[in-house]
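A.B. asks: Here you go, one structure.
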DNA sequence: ACAATAACTGACCGATCGGACAGATCTGTC
DNA sequence: GACAGATCTGTCCGATCGGTCAGTTATTGT
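So, in structure tokens, the structure goes:
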């Protein structure tokens, strides 16, 4: 029953957002009463937390694997990890990307923002040191991550480096 | 005054989402009453619509510029356009990416989903025809766009092509 | 058979939401 | 000063939200 609730919640949260999904919506999808949800979970937030527990653990693992790496090897591992997780935790990634403000309002969740910021740092923080092709990958990935996750780019210099890096790799004149 | 409301709304929507921002929140930020907002705009949705009008126009323009192009040239133009718009319409892009379900619930808005889907088609739909490097760019961009925008990838074959394309370009064994 | 516990539910509550509306205030014209 | 139209606001409303709680039903252990 808990699994049914989590399944429905994952699907509905991914489709309509956390705020856009009411407890009644989940209950109707599962086929039980709203009160029954709150018997199995202390509140709405608890459903979200439990949904993200395994994702948080995998994020931590990914960061640990990334820590000792550097250069192109780090980028390859990071991108591979992100792509892999994107495909395996599709619902959760959707919720993460599409409902950022919800995540910000729930600091008790696996600390997604810190993790993402670390990931972004690990990628874009080294742009100037890398060869153009690697820098380009970092840049585009960084732009998408920062745009999608709302993580601010440290300063204007960094931002222009990101942009020109992406353009350079694409063979475009900025 | 309309401009003040749009400014506040853009900032708050981007920070807390559309559903996460109440009319009272906007009114407090602007420094007027909630009823005053509804004098200038017929309802909450109208504020969002007006916020996205220029973005929708630029999206259309981008698609028109993309239409006659093909191959690597199309990819370059598409990526450049997306990056450019991401940087110029930062608040709106945040809202778009972070509040997709809101957009889905407002089909009267500049048809963001159709536009995005066209963009994704224009990129990932041609993956098999392209040389590996171009295909890789398409693939990663496609993965991020599809993940971020919730546009479904047509079939399993296409999905595996996207993934392997990205991995191949990155020099990873899948 | 029966008690104990787990699972579930209908009815209810306070808070908040988007929105409606009548009336107050401001601004410019004659 | 008188008037008109634009702008703004306080107050109210129905709907919906997350959550509580007393009480019912199903399951299990003995």
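Chains as they are written, first to last, in our numbering: chain A, -7 to 166; chain B, -7 to 166.
For glycine and all other residues, C-beta sits at the position ideal for the given N, C-alpha and C.
Computed from a prediction, not measured in an experiment: that's the story for all the values here.
Using a beta-carbon distance below 7 Å, is residue 73 of chain A in contact with chain B?
C.D. replies: Chain B, which has no Cβ nearer than 7 Å to the Cβ of residue 73 of chain A, makes this no.
A.B. asks: Can residue 39 of chain B and residue 1 of chain B be called in contact, C-beta distance under 7 Å?
C.D. replies: Contact: yes.
A.B. asks: At least one CB of chain A closer than 7 Å to the CB of residue 11 of chain B: is that the case?
C.D. replies: For residue 11 of chain B, the answer is yes, since a Cβ of chain A falls inside 7 Å of its Cβ.
A.B. asks: In or out: residue 13 of chain A buried (at least 16 other Cβ within 10 Å) or exposed?
C.D. replies: With 16 or more Cβ atoms within 10 Å of its Cβ, residue 13 of chain A is classed as buried.
A.B. asks: Quick one: grab the DSSP three-state call for residue 10 of chain B.
C.D. replies: Three-state result, residue 10 of chain B: coil.
A.B. asks: In the DSSP assignment, find the alpha helix (DSSP H) that holds residue 48 of chain A and state where it starts and stops.
C.D. replies: It spans 36 to 58 - the alpha helix (DSSP H) in which residue 48 of chain A sits, taken as one unbroken run.
A.B. asks: Span of the alpha helix (DSSP H) holding residue 25 of chain A?
C.D. replies: No alpha helix (DSSP H) holds residue 25 of chain A; DSSP gives it neither H nor E.
A.B. asks: Ignore the nearest five residues each way along the sequence and tell me which others in residue 101 of chain B's own chain have a CB closer than 8 Å to its CB.
C.D. replies: Confidence in residue 101 of chain B is poor, its pLDDT being 49 and thus under 50, which makes the residue's placement unreliable; the coordinate value appears in the next sentence. Around residue 101 of chain B: 40, 41, 44, 48, 95.
A.B. asks: Once you ignore the five residues that flank residue 35 of chain B on each side, which residues in its own chain have a CB closer than 7 Å to its CB?
C.D. replies: Cβ within range, chain order: n/a, list empty.
A.B. asks: Spatial neighbours of residue 4 of chain B within its chain, please: CB distance less than 8 Å, with the 5 preceding and 5 following residues excluded, ordered by chain position.
C.D. replies: Excluding positions up to five away in sequence, the list reads 13, 17, 18, 21.
A.B. asks: DSSP three-state call for residue 5 of chain A: helix, strand or coil?
C.D. replies: Residue 5 of chain A falls in the helix class under three-state DSSP.
A.B. asks: Among residues of its own chain, excluding the 5 on either side of residue 167 of chain B, which ones have a beta-carbon nearer than 7 Å to its beta-carbon?
C.D. replies: The displayed coordinates of chain B run from -7 to 166. Any statement about residue 167 of chain B would go beyond what the structure contains.
A.B. asks: What would DSSP say about residue 0 of chain A, mapped onto helix, strand or coil?
C.D. replies: Note: residue 0 of chain A maps to helix in three-state DSSP.
A.B. asks: Helix, strand or coil for residue 77 of chain A? Go by DSSP, reduced to three states.
C.D. replies: Three-state result, residue 77 of chain A: helix.
A.B. asks: Could you give the distance in angstroms between the alpha-carbon of residue 46 of chain B and the alpha-carbon of residue 59 of chain A?
C.D. replies: C-alpha separation (whole angstroms): 43 Å.
A.B. asks: Rank B/80, B/33, B/53, B/55 by C-alpha distance to the C-alpha of residue -7 of chain B and give the top, closest one.
C.D. replies: Taking only the C-alpha atoms, the option nearest residue -7 of chain B is B/33.
A.B. asks: Cα separation between residue 87 of chain B and residue 9 of chain B?
C.D. replies: Their backbone Cα atoms lie some 7 Å apart in a straight line.
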